[in-house]
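K.L.:
Numbering (the numbering used here), first residue to last: 1 to 177.
Cβ coordinates follow ideal geometry from the N, Cα and C atoms, glycine included.
Questions regarding the structure given below will be posed in turn.
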Ligand code: AMP
């Protein structure tokens, strides 16, 4: 694991082997958000990075992207837009499907949640293969908004998610090789 500077969060991310299925090493961020100082540190670091980009809205990816995205939006003084799994948002939506190892997944966003030209950062807890993030960017761009970056607490660098997102600025506070 590498990081720039010592973050309290780096000591709190918990490895849970074989969750949600055998062979997956799950990076559990709940101990980070249970700790006020660590939660604040992560929020301020992501907000500091996003502020320089002139961000006008924060999009958070369900579900753990909500936990970090909403406080980052508050810190920046902009609104928060939830991007959710199929069937969860109540109003008119647009949808994007993406491939998983087995099968597909679909994410949605409210059609009126962003406007053309609006500068957006997309926040999630963790970057793995980049499939979820890439589908999220397609949704934001279909609404005419501009993805100025992706912010993550954790990046699993060995899964090469950055390659899928090579057109974008990626900011991850912790990276695991
Ligand atoms: P991906 O689309 O492969 O980049 O997967 C990213 C999404 O899956 C994020 O929303 C993560 O929360 C979740 N995820 C994938 N792999 C892990 C992992 N090893 N530990 C925790 N969450 C994960």
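Would you list the residues sitting across from residue 99 in a DSSP beta bridge?
P.N.:
Walking along the chain shown from the start, residue 99 turns up at place 99. Per DSSP, the beta bridge partners of residue 99 are 104.
K.L.:
Who are the Cβ neighbours of residue 181 in its own chain at under 6 Å, not counting the five residues just before and after it?
P.N.:
There is simply no residue 181 to check, as the chain begins at 1 and stops at 177 in what is shown.
K.L.:
Hey, is residue 126 close to the ligand AMP, as in C-beta under 7 Å from one of its heavy atoms?
P.N.:
As a position in the chain shown, residue 126 is number 126, starting the count at 1. Indeed, a heavy atom of the ligand AMP lies less than 7 Å from the Cβ.
K.L.:
For residue 57, name the three-state secondary structure that DSSP assigns.
P.N.:
As a working note, residue 57 is residue 57 in the chain shown. The answer is strand: DSSP assigns residue 57 an E or B state.
K.L.:
With a CB to CB cut of under 7 Å and the five nearest residues on each side skipped, what residues in its chain are close to residue 33?
P.N.:
Translated into positions along the chain shown, residue 33 becomes position 33. Here the set comprises 39, 67.
K.L.:
How about residue 129: is its Cβ closer than 7 Å to a heavy atom in the ligand AMP?
P.N.:
What you label residue 129 is simply residue 129 of the chain shown in a count that begins at 1. Correct: residue 129 has its Cβ closer than 7 Å to the ligand AMP.
K.L.:
Check each candidate in 17, 151, 99 and name the one with the smallest Cα separation from residue 51.
P.N.:
Residue 51 sits at position 51 when you count from the first residue of the chain shown. Of 17, 151, 99, the residue nearest in Cα terms is 151.
K.L.:
Can you check whether the CB of residue 75 is closer than 8 Å to the CB of residue 93?
P.N.:
By 1-based counting over the chain shown, the position of residue 93 is 93. By 1-based counting over the chain shown, the position of residue 75 is 75. No; because the gap between Cβ atoms is not below 8 Å, this pair is not in contact.
K.L.:
Strictly by DSSP, which residues pair up with residue 155?
P.N.:
Residue numbering aside, residue 155 sits at position 155 when the chain shown is read from its first letter. Residue 155 pairs with 127, 175.
K.L.:
Taking the alpha helix (DSSP H) that residue 31 falls in, what are its first and last residues?
P.N.:
Taking the chain shown and counting its residues from 1, one reaches residue 31 at position 31. From DSSP, the alpha helix (DSSP H) with residue 31 extends over 30-34.
K.L.:
For my contact list, residue 57 and residue 72 are in at a C-beta cut-off of 8 Å; report their separation, rounded to the angstrom.
P.N.:
To locate residue 57, count along the chain shown from 1; it is residue 57. To locate residue 72, count along the chain shown from 1; it is residue 72. Not quite, the Cβ-Cβ distance comes to about 11 Å (not below 8 Å), so this is no contact.
K.L.:
Are residue 161 and residue 139 closer than 8 Å when you measure CB to CB?
P.N.:
As a working mapping, residue 161 is identified with position 161 in the chain shown. As a working mapping, residue 139 is identified with position 139 in the chain shown. For residue 161 and residue 139, no; Cβs fall outside 8 Å.
K.L.:
For a test of the three-state rule: what should DSSP assign to residue 8, helix, strand or coil?
P.N.:
For this step, residue 8 is matched to residue 8 along the chain shown. Looking at residue 8 - three-state DSSP - the assignment turns out to be helix.
K.L.:
Quick check: what's the CA-CA separation for residue 101 versus residue 41?
P.N.:
Position 101 of the chain shown, counted from the start, is the residue given in the question as residue 101. Position 41 of the chain shown, counted from the start, is the residue given in the question as residue 41. For residue 101 and residue 41, the distance between alpha carbons rounds to 34 Å.
K.L.:
Does the distance from the C-beta atom of residue 114 to that of residue 81 stay below 8 Å?
P.N.:
For this step, residue 114 is matched to residue 114 along the chain shown. For this step, residue 81 is matched to residue 81 along the chain shown. Yes. Within cutoff.
K.L.:
Reducing DSSP to helix, strand and coil, say where residue 166 ends up.
P.N.:
For the purposes of this step, residue 166 is identified with residue 166 of the chain shown, where counting begins at 1. Secondary structure of residue 166 (DSSP, three-state): coil.
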